[in-house]
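A.B. asks: Take a look at this one; I'll ask things after.
In this note's numbering, the protein residues as written are 1 to 272.
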């Protein structure tokens, strides 16, 4: 395992590489850490060069200099810079929540960089309404994030296990960092921006795509799975009896679906 830092438009990003083989990049939600993917990495690193990242001011990444200016779009751009730094090999990119938004944006903007796409309860396919816009505005205050981040992590997690307990511990520790709460709040404020709606742009995605969704997700409702499938040509859908983090809440079931998808991607030539 190796850990490096990569400079991006948002700030320095800690990148951890484990294993060897085809490139597989795992992208977390805002406010969540690369360590959330630990249950997947343990299995996948036997067959892939698995790269995980921590957004600036999160996990192993250093403080972001201007955390209050972070947006979902800026994180998407930062992901592109990280993937470019990894070399010319196209990657399978798995993204969760805003990480899924960033992964989809990368597949739209730089299709030669992405040979397969896994979107886990992603932002960008469920339209915002007056209530959800107001919720994001409130959550977009750093003081509110500081108080509610731990509660939200627990409320969106329907099935509990030792892995989810460690997620909660990491969130509880992270909110002590003012830069973490400022960045997380700023990205939440940006969510309703019309430019984050991927439903039309996602028609440009041409790589194999698996859309994964927790059927009990209280954050981004499961209707998003069908909206994403409708928007992305040829996308497949896998549903799980979980909340917002199916890969942590039900890792065995998630890995079975992921393994089937990855086997199919491996059998296809990379896009030119």
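Cβ atoms here follow ideal geometry from the backbone N, Cα and C, with glycine treated the same way.
The structure presented is a predicted model; accordingly, all values stated were derived computationally and were not measured.
Going residue by residue through the region 91-132, where are the continuous alpha helix (DSSP H) segments of at least 4 residues, counting only ones entirely within it?
C.D. replies: 98-109
A.B. asks: Grouping DSSP H, G and I as helix and E and B as strand, with all else coil, what is residue 149?
C.D. replies: Along the chain shown, one-based indexing puts residue 149 at 149. DSSP, reduced to helix, strand and coil, places residue 149 within a helical segment of the structure shown.
A.B. asks: On a CA-only basis, which of 173, 164, 195 is nearest residue 36? Give me that one, please.
C.D. replies: Stepping through the chain shown from its first residue, residue 36 is reached at position 36. If we check each option's Cα against that of residue 36, 164 comes out closest.
A.B. asks: By how many angstroms is the C-alpha of residue 115 removed from the C-alpha of residue 134?
C.D. replies: As a working mapping, residue 134 is identified with position 134 in the chain shown. As a working mapping, residue 115 is identified with position 115 in the chain shown. About 37 angstroms.
A.B. asks: The alpha helix (DSSP H) spanning residue 4 covers which residue range?
C.D. replies: Taking the chain shown and counting its residues from 1, the one referred to as residue 4 is at position 4. Looking at the DSSP string, residue 4 is not in any alpha helix (DSSP H); the run it does join, the beta strand (DSSP E), is 2-7.
A.B. asks: What number of angstroms, rounded off, separates the C-alpha of residue 124 from the C-alpha of residue 199?
C.D. replies: Your numbering for residue 124 matches position 124 in the chain shown. Your numbering for residue 199 matches position 199 in the chain shown. Each residue's alpha carbon lies about 7 angstroms from the other.
A.B. asks: Under the three-state reduction of DSSP, which class applies to residue 15: helix, strand or coil?
C.D. replies: As a working note, residue 15 is residue 15 in the chain shown. Note: residue 15 maps to strand in three-state DSSP.
A.B. asks: For residue 63, tell me which candidate among 251, 176, 244, 205 has the shortest Cα-Cα distance.
C.D. replies: To locate residue 63, count along the chain shown from 1; it is residue 63. Among 251, 176, 244, 205, the Cα nearest to that of residue 63 belongs to 176.
A.B. asks: What is the DSSP secondary structure of residue 272, counted as helix, strand or coil?
C.D. replies: For the purposes of this step, residue 272 is identified with residue 272 of the chain shown, where counting begins at 1. Caution is warranted here: a pLDDT of 46 is assigned to residue 272, below 50, making its placement in the model unreliable, and the coordinate value is therefore given only provisionally. Residue 272: coil per DSSP, three-state reduction.
A.B. asks: What is the rounded straight-line gap between the Cα of residue 173 and the Cα of residue 54?
C.D. replies: Taking the first residue of the chain shown as position 1, residue 173 is located at position 173. Taking the first residue of the chain shown as position 1, residue 54 is located at position 54. Cα to Cα, the separation comes out at about 15 angstroms.
A.B. asks: Alpha carbon to alpha carbon, how far is residue 66 from residue 162? Give it in angstroms, no decimals.
C.D. replies: As a position in the chain shown, residue 162 is number 162, starting the count at 1. As a position in the chain shown, residue 66 is number 66, starting the count at 1. Distance between the alpha carbons of residue 162 and residue 66 is about 34 angstroms.
A.B. asks: Distance check for residue 248 and residue 39, CA to CA, integer angstroms please.
C.D. replies: Along the chain shown, one-based indexing puts residue 39 at 39. Along the chain shown, one-based indexing puts residue 248 at 248. Distance between the alpha carbons of residue 39 and residue 248: 7 angstroms.
A.B. asks: Is it buried or exposed, residue 195, if we count other Cβ atoms within 10 angstroms and call 16 or more buried?
C.D. replies: For the purposes of this step, residue 195 is taken as the residue at position 195 of the chain shown. Answer is exposed; the Cβ neighbour count stays below 16.
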